[in-house]
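Participant:
Number of protein chains: 2
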Amino acid sequence: MEKVNLDEAFASFSEQWDPRIAGELNGQAVKLAKVEGEFVWHSHDDADELFLVRSGTLRIELREQSDIVLDEGEFVVVPRGVEHRPVADQQADILLFEPAETTNTGDVDAEQTQTEQKYID
Amino acid sequence: MEKVNLDEAFASFSEQWDPRIAGELNGQAVKLAKVEGEFVWHSHDDADELFLVRSGTLRIELREQSDIVLDEGEFVVVPRGVEHRPVADQQADILLFEPAETTNTGDVDAEQTQTEQKYID
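Here it is in structure tokens:
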């Protein structure tokens, strides 16, 4: 059993929109992602997804309501089936909580799609 | 769908060792707890438990290995069945991730046992 230091974990990789699993529990994973720019519109049919901002600002665009803007220390749960698009005007570090097998682009096959499960070293 | 600001959520209650549910997803809950002092030794037979420190320092005492000391921005997953005792020498704010129905003292019935599921207002 070892602890994870979020700052060290975020410093251990540099790829954007390429989540790394930092911990697993109860079939769910804590994933860390560096993000900058616009992601793709997508949804996850069978997984709710938590976004928690560690640094920077993440905007979650939604079809049915106003954008949700998350600053450091703020989180939101996007329920399964809800189409959303994460956007970071400047580089941000975010923590995701969702099933380990959830693919980042959900129902969409896009340039940013990552199917491999990568772990923090 | 509404965001949660961790600082505002922690400021909304004052009871120690009395977790509040701040979000739910995939059968799991994000719980916020204020802690100070020694908790009871306990384990959870059927739930892994994540501890993430938001402010202060949390020490997780374990029977089988050295204590794990978590400062701000550090987390650990205590696997199901592993006996542990959280201790905070000074007041700390922590985020827990575990099934919503997990009781704080697990297999132990103690003074601090909270069976009611309380939510952030």
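Protein sequences appear in the order of chains U and S.
The first sequence begins at 1 in this note's numbering and counts up by one.
The second sequence begins at 1001 in this note's numbering and counts up by one.
By construction, the Cβ of each residue, glycine as well, lies at the ideal position given by its N, Cα and C atoms.
A quick note: this is a predicted structure, and the numbers were derived from the prediction, not measured.
#1: Output the distance between the C-alpha atoms of glutamate 2(U) and isoleucine 1068(S), rounded to the nearest integer angstrom.
#2: Answer yes or no: does any C-beta atom of chain U fall closer than 8 angstroms to that of proline 1099(S)?
#3: So for glutamate 64(U), helix, strand or coil by DSSP?
#4: Is the shortest distance between the beta-carbon of glutamate 1074(S) and the beta-carbons of chain U less than 8 angstroms?
#5: Are three or more beta carbon pairs between the stretch 68-77 of chain U and the stretch 1003-1011 of chain S nearer than 8 angstroms?
#6: Using 8 angstroms as the cut-off, can you tell me whether the stretch 1103-1117 of chain S makes contact with the stretch 1014-1034 of chain S, which would need three or more C-beta pairs spanning the two stretches below that distance?
#7: Is it right to say glutamate 1101(S) is buried, meaning 16 or more other beta carbons lie within 10 angstroms of its own, or is it exposed?
#8: With distances taken Cα to Cα, identify the nearest neighbour of threonine 105(U) among Gln90(U), Glu83(U), Gly37(U) and Leu62(U).
#9: Counting only beta-carbon atoms, is aspartate 93(U) nearer than 8 angstroms to chain S?
#10: Run through chain S and tell me which residues come within less than 7 angstroms of aspartate 109(U), C-beta to C-beta.
#11: Output the distance between the C-alpha atoms of glycine 81(U) and alanine 47(U), rounded to the nearest integer angstrom.
#12: Along the chain, where does the beta strand (DSSP E) that runs through phenylalanine 1010(S) open and close?
#13: Which whole runs of the beta strand (DSSP E) in the stretch 1024-1067 of chain S are 3 residues long or more, in chain order?
#14: Pop quiz: arginine 1059(S) and phenylalanine 1010(S) are said to be a contact at Cβ under 8 angstroms. What is the actual Cβ separation, rounded to whole angstroms?
#15: Work out the CA separation of glutamate 24(U) and isoleucine 1120(S) for me, nearest whole Å.
#16: Under DSSP, the beta strand (DSSP E) around arginine 1080(S) begins and ends at which residues?
#17: Give me the Cβ distance between alanine 92(U) and glycine 56(U), rounded to the nearest whole Å; I'm assuming they're in contact under 8 angstroms.
#18: Have a look at glutamine 65(U) and lysine 1118(S) and give me their C-alpha separation to the nearest angstrom.
#19: Name, in chain order, the residues that DSSP records as bridge partners for proline 19(U).
#20: Please list, in chain order, the chain U residues whose beta carbon lies closer than 8 angstroms to that of valine 1078(S).
Facilitator: So, from the listed chains and residues:
#1: 8 angstroms
#2: yes
#3: coil
#4: yes
#5: yes
#6: yes
#7: exposed
#8: Glu83(U)
#9: no
#10: Those within 7 angstroms of aspartate 109(U) in chain S number zero; the least Cβ separation is about 23 angstroms.
#11: 8 angstroms
#12: Segment 1006-1011 is the alpha helix (DSSP H) holding phenylalanine 1010(S); no beta strand (DSSP E) there.
#13: 1028-1038, 1049-1055 and 1058-1062
#14: Actually they do not touch by this definition, with Cβ atoms about 19 angstroms apart.
#15: 25 angstroms
#16: Here arginine 1080(S) belongs to no beta strand (DSSP E), and DSSP marks it neither H nor E.
#17: 3 angstroms
#18: 28 angstroms
#19: Answer is none; proline 19(U) lacks a bridge partner.
#20: Met1
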